[in-house]
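Q: One structure, pasted below without further comment.
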Amino acid sequence: MNIILFGPPGAGKGTQAAAICQRASVPHVATGDIFRRNLREGTPLGQLARGYMDRGELVPDSVVCDLVTDRLGQPDAQGGVLLDGFPRTVVQAALLSKWLDENGRKIDVVVNLRVPDDVLVKRLSGRRTCLACGATYHVDYNPPSTPGVCDVCGKADVVQRDDDREETVLARLSTYHRDTAAVLPWLQERVGVVDVDATRSIDDVGAAVLAALA
Ligand code: ADP
Ligand code: AMP
Numbered sequence: 162m163n164i165i166l167f168g169p170p171g172a173g174k175g176t177q178a179a180a181i182c183q184r185a186s187v188p189h190v191a192t193g194d195i196f197r198r199n200l201r202e203g204t205p206l207g208q209l210a211r212g213y214m215d216r217g218e219l220v221p222d223s224v225v226c227d228l229v230t231d232r233l234g235q236p237d238a239q240g241g242v243l244l245d246g247f248p249r250t251v252v253q254a255a256l257l258s259k260w261l262d263e264n265g266r267k268i269d270v271v272v273n274l275r276v277p278d279d280v281l282v283k284r285l286s287g288r289r290t291c292l293a294c295g296a297t298y299h300v301d302y303n304p305p306s307t308p309g310v311c312d313v314c315g316k317a318d319v320v321q322r323d324d325d326r327e328e329t330v331l332a333r334l335s336t337y338h339r340d341t342a343a344v345l346p347w348l349q350e351r352v353g354v355v356d357v358d359a360t361r362s363i364d365d366v367g368a369a370v371l372a373a374l375a
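As structure tokens, this is what we get:
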């Protein structure tokens with residue numbers, strides 16, 4: 162099953178991903194996580210992505226699409242994937258759809274997490290991320306049991322992402338409205354989109370997302 166988990170930055174995609182992947186038995190493919198891993202490892206891809214990420218802009222379509230189609234070709238992705246943070250432009254959506262067609266695969270379901278901007282700003286500026294394993298927390302809504310220490314992997318690496326500082330958060334939201342929001346009607350027309358009110362609690366949103374997959 163190929164699932165697109167869609168929504169603006171801060172909507173809760175990463176928070177819900179593990180439960181969806183477990184339910185659908187597919188790997189989690191989050192383009193932002195892949196870029197952050199490359200940044201940490203100092204690879205050429207990470208160096209290329211850094212400036213765009215720091216400015217809250219999108220990495221060029223050709224770079225992201227090559228990365229994703231390469232990932233979709235790997236053995237563990239043959240039964241499907243959960244795409245998180247991709248596609249983010251209509252060009253990316255069209256290239257994904259073409260690649261899936263050519264490979265006898267398709268997008269099975271699109272779930273859109275809907276959250277207004279004022280809530281997104283609060284979520285992103287309070288988000289804390291484990292640099293070791295990528296797990297996310299929130300200082301008020303979902304803090305780790307011990308401050309700064311990850312409940313998932315146990316490392317004391319839970320910090321604020323550079324691009325979660327307020328000025329970059331605002332830039333990322335305007336990038337979303339300028340470049341990414343248009344992907345939604347594109348997907349709606351071709352695949353259909355299940356809308357989820359993601360302003361509710363983490364558990365309630367999780368239940369609604371799993372119901373959408375059933
Ligand atoms: P995304 O992956 O869509 O950018 P995250 O899953 O990282 O978003 O969530 C952004 C922030 O909001 C995190 O700090 C997370 O703990 C918090 N969060 C996620 N879902 C909810 C929710 N339903 N209610 C309150 N806070 C949430
Ligand atoms: P995220 O973790 O999904 O919020 O992504 C963090 C950053 O990585 C974004 O602000 C972009 O700079 C970059 N990025 C992630 N996914 C994409 C994508 N599909 N297209 C372009 N840039 C991306």
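Be aware that the sequence shown starts at 162, since it is given in our numbering, and climbs by one per residue. Every residue, glycine too, gets a C-beta built ideally from N, C-alpha and C.
What residues in its chain sit with their C-beta under 8 Å from that of L345, if we drop five residues either side in the sequence?
A: Closer than 8 Å at Cβ, skipping near neighbours: F167, N273, V354.
Q: Who's in the neighbourhood of ligand 1, going by beta-carbon under 5 Å from any heavy atom, listed in chain order?
A: Per the Cβ criterion, the list is P170, G171, A172, G173, K174, G175, T176, R284, R288, T297, H299, Y302, N303, I363, V366.
Q: Can you determine whether any heavy atom of ligand 2 sits closer than 7 Å to the C-beta of L219, and answer yes or no?
A: Result yes, Cβ under 7 Å from ligand 2.
Q: Helix or strand or just coil, what does DSSP make of V220?
A: Of the three classes helix, strand and coil, the one that applies to V220 here is coil, per DSSP.
Q: So is G175 buried or exposed if we call it buried at 16+ other beta carbons inside 10 Å?
A: Flag for G175 reads buried.
Q: Measuring CB to CB, does D278 end up less than 8 Å from L334?
A: Yes.
Q: Considering only residues of the same chain and omitting the five flanking positions on each side of W260, which have a CB-CB separation below 6 Å?
A: Excluding residues within five positions, the ones whose Cβ falls inside 6 Å are T230.
Q: Taking 7 Å as the cut-off, does the CB of F167 come closer than this to any heavy atom belonging to ligand 2?
A: No, Cβ of F167 sits at least 7 Å from all heavy atoms of ligand 2.
Q: Any chance the CB of T307 is under 7 Å from a heavy atom of ligand 2?
A: Flag unset: Cβ of T307 not near ligand 2.
Q: Assign T307 to buried or exposed, taking buried as 16 or more other Cβ atoms, counted over all protein chains shown, within 10 Å of its Cβ.
A: That one is exposed.
Q: In three-state DSSP terms, what is I165?
A: I165: strand per DSSP, three-state reduction.
Q: Among T360, G234, D215, L209, which has the Cα closest to the Cα of E263?
A: Out of T360, G234, D215, L209, G234 has the C-alpha closest to the C-alpha of E263.
Q: Counting along the chain, where does the beta strand (DSSP E) carrying R289 start and finish?
A: Looking at the DSSP string, the run of the beta strand (DSSP E) that includes R289 is 288-291.
Q: Mind the definition here: the region 315-331 touches the region 285-302 only if three or more C-beta pairs lie below 8 Å; say whether that holds.
A: Enough Cβ pairs lie closer than 8 Å, so yes.
Q: Is the beta carbon of A359 closer than 8 Å to that of V276?
A: Yes, the pair counts as a contact, with Cβ atoms nearer than the cut-off.
Q: Enumerate in chain order the residues of its own chain whose CB-to-CB distance from D340 is below 8 Å, with the five nearest sequence positions on each side excluded.
A: Excluding residues within five positions, the ones whose Cβ falls inside 8 Å are L219, R249, T250.
Q: Specify, as a first and last residue, the run of the beta strand (DSSP E) that A191 falls within.
A: Its beta strand (DSSP E) spans residues 189-191.
Q: Output the distance between the C-alpha atoms of Q183 and G207, rounded to the nearest integer angstrom.
A: If I take the Cα positions, the gap works out to 28 Å.
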